[in-house]
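Chains as they are written, first to last, in the working numbering: chain H, 521 to 802; chain L, 42 to 332.
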Amino acid sequence: MADRSAFSPESLTENRLLYWIAAGLAVVMLAPVIWIVGLSLKNNQELMLGTEAVFRAPYTLKNYADIFVNSQVFGWFLNSMIVAVGQTLGVLTLCSLAGYAFARLEFPFRRTIFILVLFGLAVPEQAVIIARHQMFNWFGLHNTHIALMLPGMSSAFGVFLMTQFFRAIPREIDEAAMLDNTSQFRIFWKVLLPLTMPAQATLGIFTFLLAWNDYWWPLISATKKEMFTLTIGIASSQTNFAQSEGLGFLSAQAIFASLPVVIVYIFFQRHIVTAVSGGAVK
Amino acid sequence: MAESYRRSRWSHALFVVPYLIVFLTLLVFPLFWGMWLSLNKVDLFGGAEFVGLRQYARVLSDPVFHQAVRNTVIFVAVSVPVLVGLGLFLALALNRKTRGAAFLRGLYFSSTILSVTIVTLIWRIVFIPNDGLMALIFAGLGWEPIGFLSTKGWSLFSVGVATVWWCIGLPMMLLLAALQQIPADLYEAAALDNASKGRILTRITLPSIKPTIMLVAVIQIVMQFQLFGQALLMTNGGPAGTSRPIVMYIYETAFIRWDVGLGAAASEILFVIILCAAMLQYWISTRKEEV
Numbered sequence: 521m522a523d524r525s526a527f528s529p530e531s532l533t534e535n536r537l538l539y540w541i542a543a544g545l546a547v548v549m550l551a552p553v554i555w556i557v558g559l560s561l562k563n564n565q566e567l568m569l570g571t572e573a574v575f576r577a578p579y580t581l582k583n584y585a586d587i588f589v590n591s592q593v594f595g596w597f598l599n600s601m602i603v604a605v606g607q608t609l610g611v612l613t614l615c616s617l618a619g620y621a622f623a624r625l626e627f628p629f630r631r632t633i634f635i636l637v638l639f640g641l642a643v644p645e646q647a648v649i650i651a652r653h654q655m656f657n658w659f660g661l662h663n664t665h666i667a668l669m670l671p672g673m674s675s676a677f678g679v680f681l682m683t684q685f686f687r688a689i690p691r692e693i694d695e696a697a698m699l700d701n702t703s704q705f706r707i708f709w710k711v712l713l714p715l716t717m718p719a720q721a722t723l724g725i726f727t728f729l730l731a732w733n734d735y736w737w738p739l740i741s742a743t744k745k746e747m748f749t750l751t752i753g754i755a756s757s758q759t760n761f762a763q764s765e766g767l768g769f770l771s772a773q774a775i776f777a778s779l780p781v782v783i784v785y786i787f788f789q790r791h792i793v794t795a796v797s798g799g800a801v802k
Numbered sequence: 042m043a044e045s046y047r048r049s050r051w052s053h054a055l056f057v058v059p060y061l062i063v064f065l066t067l068l069v070f071p072l073f074w075g076m077w078l079s080l081n082k083v084d085l086f087g088g089a090e091f092v093g094l095r096q097y098a099r100v101l102s103d104p105v106f107h108q109a110v111r112n113t114v115i116f117v118a119v120s121v122p123v124l125v126g127l128g129l130f131l132a133l134a135l136n137r138k139t140r141g142a143a144f145l146r147g148l149y150f151s152s153t154i155l156s157v158t159i160v161t162l163i164w165r166i167v168f169i170p171n172d173g174l175m176a177l178i179f180a181g182l183g184w185e186p187i188g189f190l191s192t193k194g195w196s197l198f199s200v201g202v203a204t205v206w207w208c209i210g211l212p213m214m215l216l217l218a219a220l221q222q223i224p225a226d227l228y229e230a231a232a233l234d235n236a237s238k239g240r241i242l243t244r245i246t247l248p249s250i251k252p253t254i255m256l257v258a259v260i261q262i263v264m265q266f267q268l269f270g271q272a273l274l275m276t277n278g279g280p281a282g283t284s285r286p287i288v289m290y291i292y293e294t295a296f297i298r299w300d301v302g303l304g305a306a307a308s309e310i311l312f313v314i315i316l317c318a319a320m321l322q323y324w325i326s327t328r329k330e331e332v
């Protein structure tokens, strides 16, 4: 160890055997997906005779074309987009405002309110979902986009995350702005908010994924077929597939429905891992 | 100038009001309203009659609920060690700065972002009797085919396989983050002693990330106690309720049979279980920071 700069802890912890086992196990991760992609490229009638047909040509894109002809799936896709984008914008707005105030401003009961909000992190969905369902019923809000968006906006995680981020910005920055007698809202809007863009991206992507993948709430709130999100719609069309009826079409639907999140994942992997890990640890 | 900024003002609270309105109406109020519902007999038209703790007595004496609790506990007891163990294995194996390791990390995490509908659709197709990928593999190995989703014992197991496939990314990533925070000087000392790789693993690496292993285990307990979509979509709780978890019991009583009070009482019981686990999580994570 004469040359300390050459020391690397990796050389002591890396294990080639473990690495290659992990690489081999990746086949288990991938095999189901490859299987589905294969099925989605096959003619449904051919699959009815036996799914081994996957291993031989001909392949076709007809199942994907059928998604666009079958307007229902496309409508569900639009619903999912509206709900996920709407919920994301709502969460970003509410949480940025609240996070700024909790991190930077003084007001009566600030600490108490913040702790109360943090308690919200411990409330699981099933503890509130029955009451929520009744409340939305009182106001006749079920089967609307707004009903699908709203509950997700009450999540305390975003407030927690944004508060942490505003706290991490050096105080000198807003104090310099205050010398010019700038209003609080202008400081928030013009000076600090642009600095929180990485946090906005993390929280935004995280919220989008949660909203896109949400299952239980849309299952009970959207009962009309035309109000289904993609998650619920695809679940509803799986009912009688044991006879491998339309297996290729079902597989194509699964691929189509996961495309947006897969694309988001490929481009923003780092943000997603940060957000999901942070969301779990809180 | 900075003085007035730090002064406590009611007007400053305006920034938190929009969120607080949503928080109070959609989280705090339903939480307490749910508790109230669990003390009532609610009919389809929203009429309620106060019945005290009678709904709790009904839940606790319901054999279907007992079965659901048993299923959930078995599921948690088996899936959590697998998720933590496999997560730890992957974290140790993939904690290196190569492109290949980065790709594999991305791959193992990728299933986490899929929705439960897609995950179950994929695995249902894989598990189809006779024609599924699993049946083809079994046939190739010369084994008897199994109705994975319709056989007692196998159905909950199959839900577990899909769940591990879906959830493995998070434990791996959390443990990787912990591994990367182990101070390099610890290893430097070990290198001077010429310690073997096995000793370094058991004496330095594992003890250093022990708090995170505990934390990951508790997070998984909280998450897996809430098993729902996979069971509903893959097996519908069957056969004979052997794969029905607690949350599915709540869903069925409250939203299929519209026995709202009973469902609310069951959800409060689960809430208490999860709260205990969450408090354990908080306790471990605060202790972790002190270390």
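Glycine is no exception: its CB is placed at the ideal position from the N, C-alpha and C atoms. Just so it is clear, the structure is predicted and the values come from calculations on it, not from any experiment.
- Straight across, the Cα-Cα distance linking Met-264 (chain L) with Leu-730 (chain H) is about 15 Å.
- Using beta-carbon distances, Ile-752 (chain H) counts as an interface residue toward chain L, with a partner under 9 Å.
- Contacts with chain H at 9 Å (Cβ-Cβ) include Ile-154 (chain L).
- As summarised for the region 107 to 169 of chain L, the continuous alpha helix (DSSP H) elements at least 4 residues long and confined to that stretch are 140 to 151 and 157 to 168, given in chain order.
- Counting only residues of its own chain and dropping the five nearest sequence neighbours on each side, Leu-211 (chain L) has a CB closer than 7 Å to the CB of Thr-153.
- Take the alpha-carbon of Val-611 (chain H) and the one of Met-673 (chain H): they are about 5 Å apart.
- Note that the C-beta distance between Trp-207 (chain L) and Leu-155 (chain L) is below 9 Å.
- Bounds of any beta strand (DSSP E) do not take in Lys-193 (chain L), whose DSSP letter is neither H nor E.
- In this structure, DSSP gives Lys-251 (chain L) a helical state, which the three-state scheme calls helix.
- Residue environment analysis places His-107 (chain L) among the exposed positions, since fewer than 16 neighbouring C-beta atoms fall within 10 angstroms of its C-beta.
- Annotation for Arg-146 (chain L): Leu-135 place their beta carbon closer than 6 Å to its own, counting only its chain and skipping 5 residues before and after.
- Chain-order list of chain H residues neighbouring Thr-158 (chain L): Asn-733, Tyr-735, Leu-750, Thr-751, Ile-752, Gly-753, Ile-754, Ala-755, Gln-758, Ala-774 and Ala-777, by C-beta distance under 9 Å.
- In this structure, DSSP gives Glu-572 (chain H) a helical state, which the three-state scheme calls helix.
- Judged by beta-carbon spacing, Ile-166 (chain L) lies beyond the 9 Å limit of Leu-538 (chain H), meaning their Cβ atoms are not closer than that value.
- Buried is the label assigned to Arg-285 (chain L), since at least 16 other Cβ atoms lie within 10 Å of its Cβ.
- Taking the CA atoms as reference points, Ala-621 (chain H) sits about 36 Å from Val-157 (chain L).
- Judged by beta-carbon spacing, Asn-599 (chain H) lies beyond the 9 Å limit of Thr-727 (chain H), meaning their Cβ atoms are not closer than that value.
- Among the residues facing chain H, Pro-122 (chain L) is not included, as its CB has no counterpart in that chain under 9 Å away.
- For Val-553 (chain H), the uninterrupted alpha helix (DSSP H) segment begins and ends at 536 to 560.
- DSSP, reduced to helix, strand and coil, places Lys-238 (chain L) within a helical segment of the structure shown.
- Within chain H, the residues placing a beta-carbon under 7 Å from that of Pro-71 (chain L) are Val-648, Ala-651, Arg-652 and Met-655, ordered along the chain.
- Judged by DSSP secondary structure, Phe-179 (chain L) falls within the alpha helix (DSSP H) whose first and last residues are 174 to 181.
- Within chain L, the C-beta atoms nearer than 7 Å to that of Gly-640 (chain H) come from Phe-64 and Leu-68, in chain order.
- Residue contact with chain L for Glu-566 (chain H): absent (no Cβ-Cβ distance below 9 Å to any residue of chain L).
- Taking the Cα positions, Thr-580 (chain H) is about 13 Å away from Ala-573 (chain H).
- For the region 288 to 307 of chain L, the set of residues with a beta-carbon nearer than 8 Å to any beta-carbon of chain H comprises Val-288, Ile-291, Tyr-292, Ala-295, Phe-296, Val-301, Gly-304 and Ala-305, in chain order.
- Counting along the chain, no alpha helix (DSSP H) covers Val-83 (chain L); the unbroken beta strand (DSSP E) around it starts and ends at 81 to 83.
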